[in-house]
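Mapping of the sequence shown onto our numbering: position 102 corresponds to residue 102, and the numbering continues sequentially without gaps.
Backbone N, C-alpha and C define an ideal beta-carbon position, used for all residues, glycine too.
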Amino acid sequence: MTEHPQPFRDPQLPFARRIDDLLQRLTLDERIAMLHQFAPAVDRLGIGAFRTGQEGLHGVAWMGPATVFPQAVGLGATWNDDLVRRVGEAVGNEVRAKRAKDDRVGLNVWAPTVNLLRHPLWGRGEEGYAEDAALTSAIAVAYTRGLRGDHPHFWRTAPVLKHWLAHNNETARDTSSSSVRPRVLHEYDLRAFRDTVRAGAVAGVMPAYNLVNGRPNHVSPLLSQQLRRWTEQSLVVCSDAGAPSNLVDSEHYFDTHEEATAAALKAGVDSFTDHGQDSTVMTGRIRRALEQDLLDETDIDTAVRRLLELRYSLGEFDPGLDPYADTTAFDTSEHRALAQEAAEQAVVLLKNDGLLPLDPGATGTIAVVGLLADACKLDWYSGTLIHRSTPLDGVRTRFGADRVTFAEGADLVRLKCAAGWLQIPDADAGTGAGQGAEGALDPALLAGRTDLPPLTCGDSPSELALVDWGNGVLTLRDPDGRYLSVAEDGYVRASADEPGGWIVQETFRWEKVEGHAGGHRLVHIGTGGYVSVAADGVKVAGVDEKVSGPAGVADAGPAATVFEVEVVERGEDAVARAAAAADTVIVVVGNDPHISGRETEDRTTLDLPAHQERIWRAAHAANPRTVLAVTSAYPYALTDAAAALPALLWSAHGGQAAGTALARILSGDVSPAGRLPQTWYTSDAELPGLLDYDIIGSRQTYLYYEGTPLYPFGHGLSYSAFTYTGLTAERDGDRLRVSVTVTNSGVVAADEVAQLYVRALAPSVVRPLRQLVGHRRLHLAPGAGQRIEFAVPVSELGHWDVAHGRWTVEPGAYEVRAGASATDIRLTTVVTVDGEPSGPRPVLHHGLEAADYDEQLGTEIVDRTKTDGDAVTATAPGNELLFRSCDFAAGTRTVEASAAGEGSVEITVDGRTTTVDIPATDGPYDYRGHETPLTASGVRDVQVTLRGTVRLARITFTGAAE
């Protein structure tokens, strides 16, 4: 007799029916338990444990050794969808391969990050792809397709997009609110998510820590109103770590955790990442929310159904049918070659006056100098390197080690205090593992080493390499290359291979001592404590702590030893010597991703740190044949360097093959073809405020920026030259068919990135000065040409019409531009689009939603209620909301303002101001209507000014005939 499987295990049934069966078998407690990141096994049904979340931004992260590809912003700089798809496939295969050996590795990959790189000072810019929504979504679609695989039912991995929504600041990231007007929301911030989700290779999203328009992203109505309407596919929403608790603890948006958890679940959050692996806190909150009637079981079941669908798609219930179950591809020769190819394609040649490429047979000696010259830096979302190539390694290999010299450029110093010279005791290698050597679900839990002796003071000084990474942030390293670090016991040791960890323990800051010429206290940034010399070694003590000093040194008040710094050699002096003795100099500068701009910490300036500025200036003064190679997670304002130096290159941190890739570019083995995914500005003065998310009003990004950048979006030079001919554009139904021929008119085979932009020639509202609608990276031999075609949806020409609450494409002329960057336009043509004009605002019928303004000054958008809707409040006395072209028809007789708070609303039409007084209401969500006479007719602009604490929701008008 044939034994039939339980329906939820029957592979002949569709997933939906199997999930129906499983849901009714699970108890309420078992279903609730599934809502935590670490869902326990259900042994009685033979269901294993499951965790959401496996970091995989540019390789498998946090789980030990893996292939490390270039940072995400570097992948964005390739402008190569096919390459990034192959990278995603390799990462997905390595996730599967590692999962087969370590069940801590999850198949729900939290990547990619599609937050737009709106502001270059954002600390997490390294995680995104571009400042442009179209480029970001194209690269994200490619990466997610690689991660997902191409099987119709089973997924290689299940990608989750980060971080929903309008998230570009680490400063107060869990309490700040991004004020996002409807046009910016629909035309910019939503778009990267929307286009990627619609492509069908996304399993879900992760809300961001911040608030949008006064409402936390974890209770955003846009999860249901937008995200889940873009696709019929089930999408899982995974909370960011600790964010559910933030709703009460830091944001104070709800009074109790039960209310907050219920609100998040109802808004669409399915999996709660909170309190680490201890699920009892969150499941307890959900259970109590049910008991308090804040939830019902259908809310639980809706979320569990989505999570089960994800698990079914990953083959958990059909291991024999899962086509990816036996994947073993890990650190293969193909993956190593792909990592090198990606690193090569990510290099951007910013400037070249003919110095590059360097002929390996005729260049002579090369000095490779700079703080990153012999570094292969990782970031918070990197795996552990299996292979490693620094710029110095790459240049030595390509040009010959006997022809290459090196000078790092760190300052060599000795530190002296009352007890003597700071010393690093002799020690064996010890038994502790270096940071990142072992996989960890949370690398923040990796502890510093305590198996080495702490520093002491004595008669013989130890020489230390001191680097100032900017803003006074210092690292100190011993002659063996170990960084001074502080472990949990508070002692300072030379113990770290690299700075790292959630709270970096290898950074310090000088603090001047008043009345002590040349004396400084040394502050440990990670703890905020002072470095102090104690009887049993050098340690970090609290500001008010007293420690027992060494023999012969009296105990002092605050436990802060005063040090004098003796400079043995300035880094720039060593660099100048090396540069003067070489035929060519390669200066490698940039950032350490664990120190200068990272998650939790924004940058404060575009300037290159002064230490590195001195290095390139010293090299160039000694040798005019100086190349500046910038390796960084973000742009710098390199105005002086761009004017003085003959050649500049930029790449993000390129992963395991970064040095090899750079050397192959320098030698001409590969012609550079990376393109900037962000605008490089000339100075901080060109930047808007970090928290100003209104890219239209403040004219941000290449879309609206009216100045002249140092290097524009899409910029990148080649060792060859390319011509563009035969641009045509015509409408074909709901598409524009655009064609152009690109020809390699140079003498070397090279890649070119053809870019297609559009702009409206006579828009009725502020529109982008140029907008990317297509790109293609192609390889051409010398003299070869290729005709490329773009199918551009006509809807790409549109904008969000706030007057009518819809997407619209205005009739009129649009210029189509083809070229090599946003400003290097080679050909243009014009197409005319027919249609019906939007017309004025029908204010008598629909009124004015306060957030639907055309322009604003001194206001911000806030939450109308805790579940839905927007309102506007003033942030400055001289505030204004401008609503253009309001149609009052034959006339009005009254106006009503719906508002909360206390103050007044001043409404100006045709120079006449009407004031609507708003008596105090019962709290910020108690909106009431207040009416007053107002007469106006015809089409007029309306200006609104808010006084007091008023939160204006909307304005309605009564017609004269009503």
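Local Cβ density within 10 Å of residue i, reported as buried at 16 or more and exposed below that
i	result
I503	exposed
D402	exposed
Q292	exposed
W807	exposed
L484	buried
Q12	exposed
L45	exposed
Q37	buried
A437	Since pLDDT at A437 reaches only 43, below the 50 mark, its modelled position is unreliable, and no value is offered.
L761	exposed
H119	buried
S460	exposed
M1	Residue confidence for M1 is low, a pLDDT of 46 falling below 50, so the modelled location carries little weight; the figure read from the coordinates is stated next. So M1 ends up on the exposed side.
T384	buried
Limits of the unbroken beta strand (DSSP E) element including residue i
i	result
N246	Note, N246: premise wrong, no beta strand (DSSP E); alpha helix (DSSP H) at 243-249.
H775	771-780
K351	348-352
I788	785-793
Y757	750-760
H163	160-164
G819	812-819
R509	508-512
C-beta contact flag for residue i and residue j at 7 Å
i	j	result
V568	L412	yes
A339	S651	no
V538	V492	yes
G726	G394	no
V73	A66	no
N623	A574	no
A342	F69	yes
T626	V585	yes
D922	R884	no
Y719	P357	yes
T456	I595	no
V905	L952	yes
V531	A419	no
A791	A749	no
Member of the options whose CA lies at the smallest distance from the CA of residue i
i	options	result
G276	R51, P159, L265, L385	R51
L645	A661, E613, S651	E613
G361	R398, E880, T701	R398
T743	G716, V758, I788, L772	I788
D834	D497, D868, S795, R215	S795
D299	H335, I32, H799, E488	I32
P948	L934, T915, E931, D941	Note that residue 948 corresponds to Gly in the displayed sequence, not to Pro. If we check each option's Cα against that of G948, T915 comes out closest.
G519	A535, R482, T561, A541	T561
S234	V281, S177, T261, S313	S313
I386	R336, V950, H779	R336
T723	T708, L415, G783	G783
L710	E686, R156, N210	E686
G869	L736, P221, R96, A39	P221
F957	P425, C886, P159	C886
Unbroken alpha helix (DSSP H) run spanning residue i, endpoints
i	result
Q225	222-225
K98	81-101
P391	391-399
A407	Here A407 belongs to no alpha helix (DSSP H); instead the beta strand (DSSP E) covers 404-407.
R306	297-313
W616	610-622
Sequence-distant residues of its chain with Cβ nearer than 7 Å to residue i (five each side left out)
i	result
A554	Residue placement at A554 is poorly supported in this model, since its pLDDT is 42, which falls under 50; the coordinates are not used for a value here.
A208	H163, W164, L165, H167, N217, D240
The ligand COA heavy atom lying under 6 Å from the CB of residue i
i	result
V830	With respect to small molecules bound, the structure shown includes none, and the ligand COA cannot be examined in it.
Contact set for residue i: own chain, Cβ-Cβ below 8 Å, skip 5 residues either direction
i	result
R759	R767, P768, L769, R770, Q771, Y814, E815, R817
T604	L121, N471
Residues of its chain near residue i, where Cβ-Cβ distance is below 6 Å and the 5 sequence neighbours each way are ignored
i	result
E170	G123, T600, E601, D602
A140	P112, V114, T196
G929	E896, S898
G439	Only weak support exists for where G439 lies, its pLDDT of 47 falling under 50; the value from the coordinates is given anyway. Excluding sequence neighbours, G439 sits near M63, G64.
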